[in-house]
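Visitor: Protein chains in written order, with the working numbering: chain S, 28 to 366; chain B, 49 to 471. The beta-carbon is built from N, C-alpha and C at its ideal position, and this holds for glycine as well. Below you will find the structure I want to go over with you.
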Ligand SMILES: Cc1ncc(C[n+]2csc(CCOP(=O)(O)OP(=O)(O)O)c2C)c(N)n1
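The structure is reproduced here in structure tokens:
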């Protein structure tokens with residue numbers, strides 16, 4: 028089986044989707060001839076033509092608004108927002124339009140749009156190339172939110188998202204595009220092709236990873252760790268370094284959430300640590316914490332802990348003090364294990 | 049239903065005339081002769097300025113003589129300052145680009161070939177006129193005499209960085225130089241400049257505002273909001289569009305440049321629109337001076353399109369060889385702004401080759417010395433130059449309980465990290 032990094036896997040998914048359905052259309056800043064600033068769409072315009080893979084004016088509001096119109100016609104647009112940090116000009120089209128059109132037209136205008144966007148920090152990108160705004164979207168009724176953590180899932184989830192008849196926000200953790208990240212900034216990145224991990228093996232053809240299904244990355248009996256994207260790997264480091272028998276769940280899809288897998292795990296371990304890179308207050312971790320408390324209260328041995336980025340803009344030089352690395356996670360593990 | 053008896057529709061997707069492997073060819077760029085365009089009174093109603101968005105204001109002719117009514121007739125000392133500002137900007141860019149390549153910082157963006165579009169407006173405006181720049185207007189700070197080591201401290205995110213290492217390199221802020229904090233989000237500064245200008249007008253102040261964005265950024269809704277407010281309130285503002293032909297890999301056609309000029313955006317809003325040779329420092333000065341006079345006399349806003357060329361990559365993260373013809377910068381028909389002003393001054397007998405190369409050497413030494421001084425304060429790395437608790441300052445005026453708690457948590461973590469021997 029070929030080994031791919033996440034960019035190659037995403038490129039392969041887009042290529043398969045374009046070949047499979049004449050309605051799949053890719054648009055975004057620099058995605059056409061050049062193939063995207065992260066090269067995710069490289070070669071696709073050449074193979075599938077300029078009217079199916081094309082560059083756009085620099086207006087995120089326009090990109091999503093146009094995608095809504097294309098979906099109304101019957102296409103399956105896959106717009107790219109160059110960085111998640113630049114998605115805010117598109118909020119009205121996403122929140123007031125794409126998310127609600129099925130509802131307000133009573134099903135006349137479904138919106139099969141998949142918005143791809145690199146997100147997350149750890150690349151010294153400063154406050155406008157590092158944010159994790161998933162909580163903005165999970166709060167909106169009518170949007171699905173998907174975040175892969177490895178090449179196999181990236182391709183399978185992206186193909187599932189494109190096939191889905193509702194709008195999906197597909198955030199790609201750019202820190203792990205080329206290789207997994209253990210959370211220590213000074214460890215050199217080992218490329219996906221060289222890591223001993225089956226998730227770097229990616230079939231060439233079509234397959235899907237269903238939306239709404241989490242993956243148990245590591246089984247354990249002491250504590251459940253809920254994570255997604257880059258933080259799945261960082262949580263793995265923390266568990267290994269702490270010696271705690273943690274059960275790590277990669278959520279993969281935030282909305283719709285795989286509540287059954289979470290419940291089964293927390294009922295088994297009695298402890299729960301939630302890890303995300305996004306700011307803390309009102310983040311998706313707050314939702315997870317509430318759900319675990321509501322549904323597993325009598326099984327809990329300790330208060331649920333959240334490990335997150337701080338409630339500050341993403342700093343440039345203090346990036347690694349901001350990032351919720353292994354030290355922060357281990358302290359949370361210690362805290363839940365004490366009770 | 050597709051109706052068989054009707055012509056099928058076709059989607060137009062713009063395509064630049066040359067791609068990698070092609071020779072650069074600018075034969076379709078219309079370069080009108082310098083000096084031929086009339087200079088209207090700056091109070092002329094926008095409705096009577098309809099030819100200007102389609103014309104090109106040029107002062108320096110092919111022999112670098114200043115000709116025609118737009119010649120600002122600058123004193124030789126002023127022109128030498130303009131030349132020096134552009135050369136210093138170029139030397140600064142050169143060193144900082146190299147510093148990034150040497151791993152001393154994360155990112156850099158040059159303005160090579162576009163220096164006139166920052167340095168000349170800065171000179172034509174008053175020093176306390178408020179500027180809202182984009183990320184390629186380092187020339188404004190340099191023209192306003194801002195200390196070079198301070199700019200470098202920001203680029204290195206080091207312990208002397210006034211912005212506390214928070215911003216990506218080159219995202220300066222210098223209120224004392226009437227220079228607004230630069231955003232990474234495109235075009236947000238355009239309506240902000242209009243708002244500042246409206247405030248200045250409402251207060252009966254005498255200062256005006258100016259903003260800059262690239263031609264690619266004019267696609268953003270913020271640009272159009274800026275034009276709308278500017279015309280409605282006749283705001284004393286200059287909205288500069290730097291049309292350097294490329295927005296990363298997208299040529300100006302993806303911002304609407306195939307069908308019209310960027311200055312012509314002004315017409316629909318009823319705003320004065322000028323289109324200027326952006327590589328002609330005297331023409332840029334003259335256009336800015338005209339627009340500034342118009343704004344200062346309550347005749348409203350001006351949109352200026354600076355027609356120029358991004359001679360190098362978008363940033364240190366970019367390789368233009370992947371999407372455009374090689375050597376396009378040197379083939380650009382409007383030449384180089386430094387060279388054109390230099391030859392002009394030599395023609396006047398106010399400059400010579402020896403002085404020019406001596407100045408170039410002197411400026412490179414200035415920049416090198418500044419770099420040494422800045423590097424003594426640290427370069428970007430994992431040294432965490434700012435005290436950790438500064439991360440939580442300036443979120444709000446006062447620190448609420450949750451940020452105080454998080455700051456305390458960070459200091460505890462740091463203690464653990466030190467014990468474990470890692471940052
Ligand atoms: C809102 C937003 N969208 C996208 C980007 C990514 N981006 C940064 S610069 C750039 C190109 C801008 O081109 P242009 O406005 O022509 O200015 P130039 O770089 O040529 O000076 C893009 C797309 C961004 N910074 N902000």
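Does residue 257 of chain S come out as helix, strand or coil in the three-state DSSP assignment?
Guide: Three-state result, residue 257 of chain S: helix.
Visitor: Which stretch, first to last residue, makes up the alpha helix (DSSP H) that contains residue 404 of chain B?
Guide: Segment 401–423, the alpha helix (DSSP H) holding residue 404 of chain B.
Visitor: By how many angstroms is the C-alpha of residue 62 of chain S removed from the C-alpha of residue 355 of chain B?
Guide: Near 27 Å, if we compare the C-alpha coordinates of residue 62 of chain S and residue 355 of chain B.
Visitor: Using a cut-off of 9 Å between C-beta atoms, extract the partners of residue 83 of chain S located in chain B.
Guide: Within chain B, the residues near residue 83 of chain S are 267, 298, 302.
Visitor: Please state whether the Cβ-Cβ distance between residue 301 of chain S and residue 315 of chain S is less than 9 Å.
Guide: Going by C-beta atoms, residue 301 of chain S is nearer than 9 Å to residue 315 of chain S.
Visitor: Measuring CA to CA, which of B:429, B:469, B:458 is closest to residue 150 of chain B?
Guide: Of B:429, B:469, B:458, the residue nearest in Cα terms is B:429.
Visitor: Can you tell me whether residue 148 of chain B is helix, strand or coil according to DSSP?
Guide: Helix, per DSSP.
Visitor: If residue 53 of chain S sits next to residue 79 of chain S, beta carbons under 8 Å apart, how far is it from one beta carbon to the other, in whole angstroms?
Guide: Indeed, because the Cβ distance is near 7 Å, the residues count as touching under 8 Å.
Visitor: Using a Cβ cut-off of 9 Å (strictly closer), state whether residue 270 of chain B contacts chain S.
Guide: Judged by the 9 Å Cβ criterion, residue 270 of chain B is in contact with chain S.
Visitor: Please confirm if residue 303 of chain S has its CB atom under 9 Å from at least one CB of chain B.
Guide: It does not; no Cβ of chain B falls within 9 Å.
Visitor: In chain order, what residues of the region 421–450 of chain B put their CB closer than 7 Å to some CB of chain S?
Guide: Against chain S - using a Cβ distance shorter than 7 Å - the residues of the region 421–450 of chain B are 428, 430, 432, 433, 434, 436, 439, 440, 443, 450.
Visitor: Let's test the definition: count the other Cβ atoms within 10 Å of the Cβ of residue 335 of chain S and tell me whether it reaches 16, buried, or not, exposed.
Guide: It is buried - the Cβ of residue 335 of chain S has at least 16 other Cβ atoms within 10 Å.
Visitor: Assess contact between the region 178–188 of chain B and the region 246–266 of chain B, defined as three or more Cβ pairs (one per stretch) separated by less than 8 Å. Is contact present?
Guide: They touch, by the three-pair rule.
Visitor: Would you check whether ligand 1 has a heavy atom nearer than 8 Å to the C-beta of residue 303 of chain B?
Guide: Yes, the beta carbon of residue 303 of chain B sits closer than 8 Å to at least one heavy atom of ligand 1.
Visitor: How should residue 277 of chain B be labelled, buried or exposed, when 16 other C-beta atoms within 10 angstroms of its C-beta is the threshold for buried?
Guide: The residue in question, residue 277 of chain B, is buried, as its Cβ has 16 or more Cβ neighbours within 10 Å.
Visitor: Flag this pair as yes or no: are the beta carbons of residue 330 of chain B and residue 168 of chain B separated by less than 9 Å?
Guide: Contact: yes.
Visitor: Taking the alpha-carbon of residue 437 of chain B as reference, which of S:338, S:230, S:364, S:358 has the nearest alpha-carbon?
Guide: Minimum Cα distance to residue 437 of chain B is reached at S:338.
Visitor: Please classify residue 375 of chain B: is it buried, with 16 or more other beta-carbons within 10 angstroms of its beta-carbon, or exposed?
Guide: Classification of residue 375 of chain B: exposed, given that the 10 Å Cβ count is below 16.
Visitor: Does the beta carbon of residue 273 of chain S fall short of 8 Å from some heavy atom of ligand 1?
Guide: Result no, Cβ not under 8 Å from ligand 1.
Visitor: With a floor of 4 residues, list each alpha helix (DSSP H) that falls wholly inside the region 215–301 of chain B, ordered by position along the chain.
Guide: Correct list: 237–250, 269–280.
Visitor: Pull up the distance between the alpha-carbon of residue 268 of chain S and that of residue 259 of chain S, whole angstroms please.
Guide: Between residue 268 of chain S and residue 259 of chain S, the C-alpha separation is close to 14 Å.
Visitor: Measuring straight from C-alpha to C-alpha, what distance separates residue 419 of chain B and residue 217 of chain B?
Guide: Approximately 14 Å, taken between the alpha carbons.
Visitor: Mind checking residue 396 of chain B: buried by the 16 CB within 10 Å criterion, or exposed?
Guide: When all chains shown are included, residue 396 of chain B counts as exposed.
Visitor: Run down chain B in chain order and give the residues with a C-beta less than 7 Å from the C-beta of residue 116 of chain S.
Guide: What residue 116 of chain S touches in chain B: 268, 269.
Visitor: I need the straight-line Cα distance from residue 93 of chain S to residue 371 of chain B, nearest angstrom please.
Guide: Using only the alpha carbons, I get a separation of about 25 Å.
Visitor: Is DSSP giving residue 144 of chain S helix, strand or coil here?
Guide: Residue state, collapsed to three classes: strand.
Visitor: At a CB-CB cut-off below 9 Å, which residues of chain S make contact with residue 461 of chain B?
Guide: By Cβ distance, chain S contributes 348, 352, 354, 355, 358.
Visitor: From the DSSP output, in three-state form, read off residue 75 of chain S for me.
Guide: Residue state, collapsed to three classes: helix.
Visitor: Taking only the alpha-carbon atoms, compute the straight-line gap between residue 88 of chain B and residue 335 of chain B and give it to the nearest angstrom.
Guide: Approximately 11 Å between the Cα atoms of the pair.
Visitor: Taking a Cβ distance cut-off of 9 Å, strictly less, list which residues of the region 366–381 of chain B are near chain S, in chain order.
Guide: Within the region 366–381 of chain B, the residues whose Cβ lies closer than 9 Å to some Cβ of chain S are 366, 370, 371, listed in chain order.
Visitor: Do residue 71 of chain S and residue 32 of chain S come within 9 Å of each other at the CB atom, strictly closer than that value?
Guide: The answer is no: Cβ separation not under 9 Å.
Visitor: Can you tell me whether DSSP reads residue 67 of chain B as helix, strand or coil?
Guide: The answer is coil: DSSP assigns residue 67 of chain B none of H, G, I, E or B.
Visitor: In chain order, what residues of the same chain lie with their CB nearer than 8 Å to the CB of residue 134 of chain B, ignoring the 5 residues before and after it?
Guide: Correct list, in chain order: 163, 164, 167, 187, 329, 385, 386, 389.
Visitor: Would you say residue 293 of chain B faces chain S, with C-beta separation under 9 Å as the test?
Guide: Closer than 9 Å: no.
Visitor: Output yes if chain B places a C-beta closer than 9 Å to the C-beta of residue 307 of chain S; else output no.
Guide: So, interface residue.
Visitor: Which residues, in chain order, does the region 384–405 of chain B contribute to contact with chain S at a C-beta distance below 8 Å?
Guide: So nothing in the stretch comes that close.
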